[in-house]
Amino acid sequence: MTDTTSILGYAWPMVVSPGEEVAFHLSSPSVSKADAAVVRVRCGDPDPAGPGIRAHEMAAPFERTVSLVHQVIRPGSCAIVADAPALTSFQSFTVGAFLWPTMPGDRAQTILSRWREDTQEGWRLGLDADGHLEFVVAAGGRTWRVVTGAALLSREWVLAGASWDAEAGRLAVMVRSADAQAGRDRSECVEAPGPTGLEWPAAVPLVIAAQASDGGGELFDGFYDGKIDRPRLHASVQPIDGLHRLCESMNFPMTDARLIAAWDFSRGMAGESVTDLSAHHLHGRVRQMPTRGMTGANWDGSTDRWTDCPEQYGAIHFHSDDMADAEWEPTLRFTVPAEWRSGFYALRLRADTGDEPVESFVAFFVRAELGKPRSRLAFVASTGTFLAYANSALRLDQVHAEAMLEGVLTLSRDDVYIQEHREVGLSTYDTHADGSGWSISSARRPILNMRPRGNVFNYGNDTHFIDWLEETGQDYDVITDDDIHRHGVQVLAPYTCVVTGSHPEYISREVWEAFDAYQRSGGRHMYLGGNGFYWRIAYHPTVPHTIEMRRGMTGLRTWEGEAGETALAFTGEPSSTWRSNGRPPQRLVGVGFDGQVFTHSSPYRWLDGAKDPVLSWLTAGIDLAAPLGDFGLRGNGAAGVEIDRVDWSLGSPPGTVWLATADRLGYGGTPAPEEIRTLHRGVMGDQNAQVRADLVYFPTANGGAVFSTGSIAWVCALSHAGYRNNVSQLTGNVLKRFLDPAPL
Amino acid sequence: MLVTYPEAAHWPIDPDRLDLVEEFRRQPRGPHGDELQKLLHRLRWAGDPDQPGRYVLIVTQPGKEWMLGRLPRQRGRPIELMRNHVFTSIAEAEWEVFKLRWEAVTGRTLPPHLSEKLV
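Quick mapping for you: the protein sequence lines, in order, are chains B and Z. Sequence positions in the first sequence follow this note's numbering and run 111 to 854. Sequence positions in the second sequence follow this note's numbering and run 2 to 120.
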């Protein structure tokens with residue numbers, strides 16, 4: 111058994127041009143030295159039934175023996191307001207916010223604090239281990255505490271706050287439920303003795319949704335799970351009605367000198383700053399990218415987009431397991447030699463520790479530099495999709511996984527690691543510990559399923575196409591979603607043909623429009639996958655290789671976002687499926703997602719459309735009476751896993767030539783939810799002809815064309831029988847013609 | 002919040018339906034008849050509620066060898082590796098897990114001719 115996890119790391123940036131520097135941020139808790147080499151990846155799938163791991167070692171311009179240290183990851187999001195004179199300018203005060211806690215009673219959690227955990231001084235408003243609202247003030251070795259009698263309910267809005275009356279020596283903690291009936295009322299105010307004067311600790315930040323671990327300003331703990339809306343800090347003693355007015359108010363007269371801070375999370379939604387509306391400008395910054403653009407306690411359902419009514423989206427959903435940046439120090443840097451071809455690359459780290467060999471890869475991509483193509487063919491690294499699936503724990507956490515996959519779960523060494531080490535951060539398929547959806551994914555962390563020997567879905571499957579290109583001697587460039595997003599059609603335009611891989615599922619508006627423009631201007635697009643161009647995502651406006659997506663109220667979802675929260679915080683755009691954004695994939699590539707099949711994959715059967723003599727270039731050397739792709743590494747067929755079909759009503763172009771179909775998928779064919787209007791017992795693949803994979807071709811404007819296979823399993827059938835098979839033949843026929851500049 | 006409930010699968014299992022056990026043994030990877038599909042859905046959905054975790058396979062040699070394990074229901078807890086249960090085919094592993102689940106859900110031991118390893 112190869113140890114793939116004792117050394118982990120990430121490359122930054124994840125995508126580099128020849129001549130640019132890439133840094134590898136590595137960590138190991140057990141290996142102190144490793145052999146490091148850069149490999150150009152040809153096939154990342156270790157399955158012995160296929161080509162196996164194939165990687166070409168490059169002449170590395172660095173010392174091969176690297177020293178490793180253990181670097182920890184510190185998950186958990188919060189907002190940090192650097193210490194300022196205003197934060198220690200008062201004695202009596204009131205603090206509070208609207209809360210929507212998601213894990214009350216799980217452990218102690220801090221909501222608002224200016225507190226040092228190591229010395230136990232300052233003040234903190236939080237939930238105790240049982241979910242009661244708790245207010246603590248402490249200094250000089252003495253601690254005063256007041257706590258409510260009832261635990262807060264999960265996912266119910268409350269106004270929650272506390273006050274300290276220094277003159278009277280009283281503490282109060284107060285809760286007012288937004289829905290105070292039918293068993294939900296947790297409203298109460300509790301008082302307790304407090305100090306009459308305190309000396310606040312020095313140099314401690316005010317922290318929202320956590321507390322400072324020490325005086326260093328870098329470490330935090332006591333992370334809170336749930337939403338916080340409109341936190342306020344006022345240098346006066348307010349009853350709950352006064353706190354309620356403060357939290358409801360969005361406009362503050364500058365004449366109120368006692369207003370210390372009033373944060374408005376609806377401002378700067380895409381960024382990492384939080385804005386204070388008070389005269390003190392106690393702005394802060396968030397760490398580990400909590401979810402913004404969340405409905406506040408005042409959301410009234412009049413809109414589902416924060417851009418329409420930002421003041422109803424003043425909540426941030428903090429998670430104790432949010433993780434956007436591992437913050438590891440770089441271990442190794444090198445400049446990619448200018449002569450290196452673009453491609454899927456990885457740093458391979460090997461060590462022999464005695465028990466079992468360590469071999470761990472850290473993936474990065476060398477892009478074909480913008481405007482400097484070295485081939486007429488480009489293969490797109492679906493980096494948006496790789497990020498969306500990064501460290502997926504779907505099979506570990508979700509009840510449905512084994513039933514969906516039609517068999518006992520087979521887990522890799524990487525899965526075993528992720529089960530135990532959730533600090534690496536999960537994927538947009540997963541839920542946070544509190545059950546809410548994971549909507550942000552970044553590359554500043556180890557990504558275990560985007561590398562050779564990792565779980566093969568997406569990255570590993572796509573390398574089967576690279577392997578086929580290398581086998582057939584076809585030159586190619588590699589370009590990435592991230593670059594297409596940034597530079598648009600300029601990235602695609604130099605190429606006569608562009609190929610997208612097994613599962614280009616996560617697409618920003620910019621990427622969609624680049625492909626559309628490319629196809630309209632004579633480009634040739636081979637889409638060799640299934641369930642492509644499906645979800646709408648956004649890239650972070652300033653942080654590279656970081657995406658956001660929201661799973662709305664349609665589509666095949668592993669979680670469903672909350673009502674009103676389907677718009678992306680990064681851009682304000684609606685998320686969800688492209689189909690529900692008026693752009694079904696059929697309109698771009700002729701076919702669109704319709705179902706899954708995990709029992710087995712199938713061959714296609716040729717249709718009359720393929721028999722047109724005009725398309726003899728496409729079918730040359732292929733027996734149209736024989737099944738197409740009755741073999742392959744994914745379910746023993748070329749049509750399977752996730753599949754797409756033609757649908758004229760969803761925009762398949764009238765000029766589409768429907769070449770072949772796999773429409774007899776049996777009971778394992780399961781339709782996507784958006785394919786079903788009403789429920790009946792005939793929706794499954796053994797009865798439903800709409801659950802199928804279709805193979806299509808259509809010409810586009812200016813001599814361009816599109817060829818689509820509508821199946822994830824396709825590229826995993828290319829290597830069958832020594833690459834001599836009809837899937838390989840057809841792919842080669844289309845590629846040859848698509849690289850011929852003569853108009854189609 | 003849209004929740005998937007582990008207890009949702011409730012197709013009633015008849016412990017006398019050894020014909021379904023035989024059908025699974027003949028073809029652990031399918032295709033399966035309608036009633037066996039329902040039986041498998043029940044077993045796979047529930048995920049071994051009487052055990053400390055769901056039975057899973059750990060790939061020890063890709064495409065060649067798998068080890069039985071138990072995946073805890075709580076994230077962060079390590080997967081239990083059952084090193085004495087190693088399989089050289091997925092079908093063999095499916096059959097072993099099926100037997101464990103059948104006996105757990107019916108409370109009955111399978112007769113000798115149905116309790117052997119898959120050859």
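Idealized CB from N, CA, C, for every residue including glycine. Given the structure is predicted, the values throughout are model-derived calculations rather than measurements.
In terms of Cα proximity to aspartate 331 of chain B, the closest of B:Gln230, B:Leu506, B:Ser612 and B:Ser137 is B:Gln230. Judged by DSSP secondary structure, arginine 294 of chain B falls outside any beta strand (DSSP E); it is assigned neither H nor E. For the C-beta of lysine 65 of chain Z, the chain B residues within less than 7 Å are, from N- to C-terminus, Pro158. At a beta-carbon threshold of 7 Å, the residues of chain B lying near glutamine 38 of chain Z are Tyr777, ordered along the chain. Of all C-beta pairs linking the stretch 684-694 of chain B to the stretch 708-721 of chain B, fewer than three are shorter than 8 Å, placing the two stretches out of contact. Interface residue (Cβ-Cβ distance to chain Z less than 8 Å): threonine 520 of chain B is classified as such. Not flagged as an interface residue toward chain Z: glycine 535 of chain B, since no C-beta distance is shorter than 8 Å. In the DSSP assignment, proline 211 of chain B forms a beta bridge with B:Gly336. Closest by C-alpha distance to serine 177 of chain B, out of B:Val141, B:Gly162, B:Val148 and B:Cys188, is B:Val141.
Leaving aside the five residues that flank serine 485 of chain B on each side, the residues in its chain whose CB is nearer than 6 Å to its CB run, in chain order, Asp585, Tyr586 and Asp587. DSSP places glycine 779 of chain B in the strand class (E or B) of the three-state scheme.
Per DSSP, reduced to three states, the secondary structure at glycine 731 of chain B is coil, with no helix or strand assignment.
CA-CA distance, leucine 515 of chain B to tyrosine 637 of chain B, rounds to 24 Å.
By the C-beta density criterion, proline 695 of chain B is buried, having at least 16 other C-beta atoms within 10 angstroms. Here aspartate 374 of chain B carries a strand assignment [DSSP, helix/strand/coil].
Here the C-alpha atom of glutamine 348 of chain B lies approximately 11 Å from the C-alpha atom of valine 283 of chain B. Per the DSSP secondary-structure output, tryptophan 274 of chain B pairs in a beta bridge with B:Phe203 and B:Leu281.
For glutamine 422 of chain B, the closest Cβ of chain Z is not nearer than 8 Å.
Bridge partners of leucine 487 of chain B according to DSSP: B:Cys607. Per DSSP, the continuous alpha helix (DSSP H) segment holding lysine 100 of chain Z begins and ends at 91-107.
Within the stretch 439-503 of chain B, complete alpha helix (DSSP H) segments of at least 4 residues are found at 493-498, given in chain order. A Cβ of chain B is located within less than 8 Å of the beta carbon of threonine 5 of chain Z. For the stretch 10-33 of chain Z, the beta-carbon criterion of a distance under 9 Å to any beta-carbon of chain B is satisfied by Ala10, Pro29, Arg30, Gly31, Pro32 and His33. If you draw a straight line from the Cα of methionine 794 of chain B to the Cα of glycine 119 of chain B, it is about 43 Å long.
A direct Cα-Cα distance of roughly 29 Å separates arginine 660 of chain B from glycine 517 of chain B. Under the 8 Å criterion on CB atoms, valine 120 of chain Z is classed as non-interfacial with respect to chain B. Under the three-state reduction of DSSP output, methionine 514 of chain B falls in the helix class. Interface with chain B (8 Å Cβ-Cβ cutoff): methionine 2 of chain Z is included. Leucine 725 of chain B and methionine 124 of chain B have their C-alpha atoms some 41 Å from each other.
Our two residues, glycine 564 of chain B and threonine 175 of chain B, have alpha carbons roughly 23 Å apart in a direct line. Considering only B:Ser297, B:Glu277, B:Trp274 and B:Gly279, the residue with the shortest C-alpha distance to valine 285 of chain B is B:Ser297. Under the Cβ distance rule, valine 57 of chain Z counts among the residues neighbouring chain B, one pair being separated by less than 8 Å.
Of B:Glu623, B:Gly671, B:Ile617 and B:Trp669, the smallest CA-CA separation from tyrosine 649 of chain B is found for B:Ile617. Within the stretch 215-278 of chain B, the beta strand (DSSP E) runs of at least 3 residues that lie entirely inside it are, in chain order, 219-226, 231-237, 242-249, 252-261 and 268-275.
Note: histidine 595 of chain B is not bridge-paired with any residue in the DSSP secondary-structure output.
DSSP places lysine 143 of chain B in the uninterrupted beta strand (DSSP E) bounded by 143-153.
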